[in-house]
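One structure is given below, encoded as structure tokens.
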Amino acid sequence: MLERIQFQTTKDGVIPLTDQIKECVEKSGVKSGILCAFITHTTAALTVNSFWDPLGHEDIQDEIRRLIPTRVDFKHQHDTPEDAAGHVKCTLIGPSMSFIIDDGKLLLGHSQGIYFLEFDGPRNRECYVKIVPE
Amino acid sequence: MLERIQFQTTKDGVIPLTDQIKECVEKSGVKSGILCAFITHTTAALTVNSFWDPLGHEDIQDEIRRLIPTRVDFKHQHDTPEDAAGHVKCTLIGPSMSFIIDDGKLLLGHSQGIYFLEFDGPRNRECYVKIVPE
Amino acid sequence: MLERIQFQTTKDGVIPLTDQIKECVEKSGVKSGILCAFITHTTAALTVNSFWDPLGHEDIQDEIRRLIPTRVDFKHQHDTPEDAAGHVKCTLIGPSMSFIIDDGKLLLGHSQGIYFLEFDGPRNRECYVKIVPE
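Residue numbers (numbering that gives the first Met the number 0), protein chains in the order written: chain W, 0 to 133; chain X, 0 to 133; chain Y, 0 to 133.
See below:
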């Protein structure tokens, strides 16, 4: 089984994927195993962080933008300077993440949520999910 | 099987988990497979790095603090500025890591160790381990 | 099955591993599963990024060098300042990455390639690959 989660992003948006990924686990019927979430994009990333304060998500994008500012003198000329910065951000955070399934549920801490970080957008994006049982 | 490794951290500490994770592999009896290590916290991360020079671990935390300094003007107000910085550091390094098991052993380079990076603390923390055989 | 991909790097080089990892999938005969790619080094990392513009790879290494400059006052004294910086870069990007195998193929976006990032070099390096079927 391969699940594809499709969604629309906003510019530099932070999109929650926790519920959709939990649904993939439920649908699979797998009681124990490893789940791989993978995005097929190069100007975005996957992360896990706290869902308590949505303003914290803005801080994350703010800090990533501060670390890798969009500038006009990137060597990469294939597309825009913003995309060039987005590629670097993608390498920094990463497009792949592994999770544990136990007792038929996705193992997450009490404050953890799974998020898609958009470094471009608005765009149509997707996240793939594959589960391997123990 | 789900293994839970529990430990106490110090402020901004670097806690070695290599031996405990190797024990999980041994205990599982799995000869070949993939291991997922996952922490359920949002102000900490997992990493693999050299164990030769403990001062190198201080450099890692120093550099992460330099990249994401604790500041009073984060938008995140749910808890302290230090926690707000910790959340960003968590996204930067990540709470999940996959390893290869081969010939009944955890595959690691001759200088690689597995470490828990505390971005808060001192706290009681835990790392979960799930193994899926080939 | 454990596959080992061996290669030679240049100083701060970006080495494509996509074709070799695709070959591992083909050779395994696995139709659906998860692949773990793992490097056994502490001054290098694995990433996925766009293959369209090779100059983008230079930007990635440039930006990582800008974020973690080589400096003489690292606490780590076991080897050179360049290696000390390389260890921090290794933690920032990471030595492990999980991929999805579906329909007998490695799942990658139309512009995604898998790359080894050298933070030292030139050196002989290797990447291990383990596949677990669904």
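Ideal Cβ placement from N, Cα and C applies to all residues, glycine included.
query: Excluding the 5 residues preceding and the 5 following ALA83/Y in the sequence, name in chain order all residues of the same chain whose CB lies nearer than 7 Å to its CB.; result: PHE73 and HIS75
query: Between ALA83/X and the ligand ZN, is the CB less than 7 Å from at least one heavy atom?; result: Absence of the ligand ZN from the depicted structure is noted, as is the absence of any ligand whatsoever, leaving it without description.
query: Should THR9/Y be labelled buried (16 or more other beta-carbon atoms within 10 Å of its own) or exposed?; result: exposed
query: Could you tell me whether the stretch 22-30 of chain X touches the stretch 42-54 of chain W, where touching means 3 or more Cβ pairs closer than 8 Å?; result: no
query: Taking Cβ-Cβ distances shorter than 7 Å, what residues in chain Y pair up with ILE67/W?; result: GLU62
query: Using a Cβ-Cβ cutoff of 7 Å, what residues of the stretch 108-124 of chain W are near chain X? List them in chain order.; result: GLY108, SER110 and GLN111
query: Can you grab the Cα-Cα spacing for the pair GLN5/W / PHE118/W, in whole Å?; result: 17 Å
query: Should GLN138/Y go down as buried or exposed, given a rule of 16 or more other Cβ atoms within 10 Å for buried?; result: No information on residue 138/Y is available, as it lies outside the stretch 0 to 133 that chain Y covers here.
query: Within 10 angstroms of its Cβ, does VAL71/Y collect 16 or more other Cβ (buried), or is it exposed?; result: exposed
query: Would the beta-carbon of PRO94/Y fall within 8 Å of that of ILE38/Y?; result: yes
query: Is it the case that the Cβ atoms of VAL87/Y and GLU57/X are separated by a distance below 8 Å?; result: no
query: Report the three-state DSSP secondary structure of GLU22/X (helix, strand or coil).; result: helix
query: Quick one, which of GLU2/Y, LEU1/Y, GLN7/Y and ARG3/Y has its alpha-carbon nearest ARG122/Y's?; result: GLN7/Y
query: Considering only C-alpha positions, which residue in the set THR41/Y, PRO53/Y and MET0/Y is nearest to ILE137/Y?; result: In the structure as shown, chain Y begins at 0 and stops at 133. Residue 137/Y is therefore absent and cannot be evaluated.
query: What residues from chain Y crowd round THR46/X, counting only those whose CB sits closer than 7 Å?; result: THR90
query: Within the continuous beta strand (DSSP E) that includes ASP102/X, where are the two ends?; result: That residue, ASP102/X, is in no beta strand (DSSP E); it is neither H nor E in DSSP.
query: Hey, out of PHE50/X, SER31/X and GLY103/X, whose CA is closest to HIS40/Y's CA?; result: PHE50/X
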